[in-house]
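Peer 1: Here you go, one structure.
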Amino acid sequence: MARKTKQEALETRMGILDAAEQLFQQHGVSRSSLQDIAVAAGVTRGAIYWHFKDKAEVFNAMMERATMPLEEGLSLAPDDTSATPSAKNKLPPGISLTELRWGLVNVFHAAMHNERARCVFEIAMQKVEYTGEMQTLRERKLTSHRQWRDQNQSAFERAKAQGQLPASLDTRTAAVTLVALVDGFLHQWIMDPEAFDLVAVGRTAVETYLTALSLTGKPLLPPMTAEELARLGQGNVCPSTR
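For what it's worth, full-length UniProt numbering labels the leading residue of the sequence shown as 1, then goes sequentially.
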């Protein structure tokens with residue numbers, strides 16, 4: 001039997017992940033076995049084990065395929081260009097509030113307009129129990145949330161140093177609250193997509209929250225620019241293959 005080329009192996013891997021994604025969404029993770037995935041993908045269980053050691057690894061790869069571009073898009077967001085080079089050197093590390101807002105709106109945009117992103121969000125929020133063989137993935141989920149909180153806090157510390165936010169602000173509490181706000185909107189929308197426009201309502205909520213932190217009552221950030229809006233969903237953010 002001829003050895004598969006790298007391209008063929010990659011296609012097999014992607015087919016396995018496509019099948020797993022569909023089954024996880026339809027039946028839940030616990031009710032979808034590796035045999036079910038193999039049948040749906042048109043491969044043997046041996047082919048699955050050649051690429052993944054167990055179902056948890058299949059799940060992890062499926063999630064990373066869709067969410068990693070979002071996570072990288074946030075972590076690699078450019079710094080605030082309004083500050084001079086000398087001023088930037090004195091600021092705490094972290095992204096600007098403008099880029100923090102863009103990153104969160106981009107997540108909302110991906111959930112609404114990208115089928116794969118919406119699918120894996122639904123699976124992660126409604127179709128998986130982090131018990132048994134999936135217990136190992138609970139730490140990844142915790143790590144991701146901790147990094148998200150840390151990024152928010154760094155952005156708030158930077159904004160304090162720039163005078164955008166009051167010096168008295170408890171940035172840790174503010175960071176945790178922002179995570180809860182965004183996570184809550186995602187959960188509500190995934191449960192009932194017809195209830196509201198996630199991008200419009202989510203963006204307004206984030207901007208309102210940031211303004212509340214400033215204690216001024218005035219909008220903290222200017223409206224999103226045409227360039228920022230054009231960037232939403234670009235850069236291989238969860239490309240749909242369906």
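Note that beta-carbon positions come from the ideal geometry of N, C-alpha and C, so glycine has one too.
#1: Look up Gln-22 in the DSSP assignment and say whether it is helix, strand or coil.
#2: Would you mind reading off the limits of the alpha helix (DSSP H) that contains Asn-106?
#3: Relative to the C-alpha of Thr-136, which residue among Arg-45, Asp-54, Glu-227, Gly-42 is closest?
#4: Spatial neighbours of Lys-218 within its chain, please: C-beta separation below 8 Å, excluding the five flanking residues on both sides.
#5: Taking the alpha-carbon of Gly-132 as reference, which of His-187, Phe-24, Val-29 has the nearest alpha-carbon?
#6: If you draw a straight line from the alpha carbon of Leu-221 to that of Thr-143, how long is it in whole angstroms?
#7: Measuring only the C-alpha atoms, how far is Ala-40 from Ala-19?
#8: Work out the CA separation of Thr-5 and Gln-179 for me, nearest whole Å.
#9: Look up Glu-194 in the DSSP assignment and say whether it is helix, strand or coil.
#10: Give the secondary structure of Leu-215 by DSSP, where H, G and I count as helix, E and B as strand, and everything else as coil.
#11: By how many angstroms is the C-alpha of Ala-159 removed from the C-alpha of Glu-228?
#12: Please work out which residues of its chain come closer than 6 Å, Cβ to Cβ, to Ala-9, disregarding the five sequence neighbours upstream and downstream, and give them in chain order.
#13: Which class does Arg-138 belong to by DSSP, given the choice of helix, strand or coil?
#14: Could you give the DSSP three-state label for Arg-45: helix, strand or coil?
#15: Determine the closest residue to Ala-155 out of Asp-197, Gln-164, Ser-96, with distance taken between C-alpha atoms.
#16: If you follow the alpha helix (DSSP H) that Arg-231 is part of, which residue opens it and which one closes it?
#17: Taking only the alpha-carbon atoms, compute the straight-line gap between Phe-185 and Tyr-209 and give it to the nearest angstrom.
#18: Give the C-beta separation of Val-201 and His-109 to the nearest angstrom, bearing in mind that I take them to be a contact with Cβ-Cβ under 8 Å.
#19: Where does Val-206 fall in DSSP's three states?
#20: Should Phe-24 and Ser-33 be called a contact, given that it needs their Cβ atoms to be closer than 8 Å?
#21: By Cβ distance, which residues of its chain are closer than 8 Å to Arg-140, with the 5 residues on each side in sequence left out?
#22: Whose C-beta lies closer than 8 Å to the C-beta of Thr-177 among residues of the same chain, with five residues either side of it excluded?
#23: Pick helix, strand or coil for Glu-11, following the three-state DSSP scheme.
#24: Between the C-alpha atoms of Thr-84 and Gly-46, what's the straight-line distance to the nearest angstrom?
Peer 2: Taking the geometry as given:
#1: Gln-22 falls in the helix class under three-state DSSP.
#2: Secondary structure note for Asn-106: its alpha helix (DSSP H) is the uninterrupted segment 97-113.
#3: Asp-54
#4: Thr-211
#5: Val-29
#6: 29 Å
#7: 6 Å
#8: Looking at the sequence itself, residue 179 is Val, so the reference to Gln does not match. Looking at the two C-alpha atoms, the distance is approximately 43 Å.
#9: Note: Glu-194 maps to coil in three-state DSSP.
#10: coil
#11: 20 Å
#12: none
#13: helix
#14: Correct three-state label for Arg-45: helix.
#15: Ser-96
#16: Arg-231 -> alpha helix (DSSP H) spans 226-231.
#17: 13 Å
#18: Not quite, the Cβ-Cβ distance comes to about 13 Å (not below 8 Å), so this is no contact.
#19: helix
#20: no
#21: Asn-60
#22: Tyr-209
#23: helix
#24: Note on Thr-84: pLDDT 45, under 50, position unreliable in the model; no value is reported.
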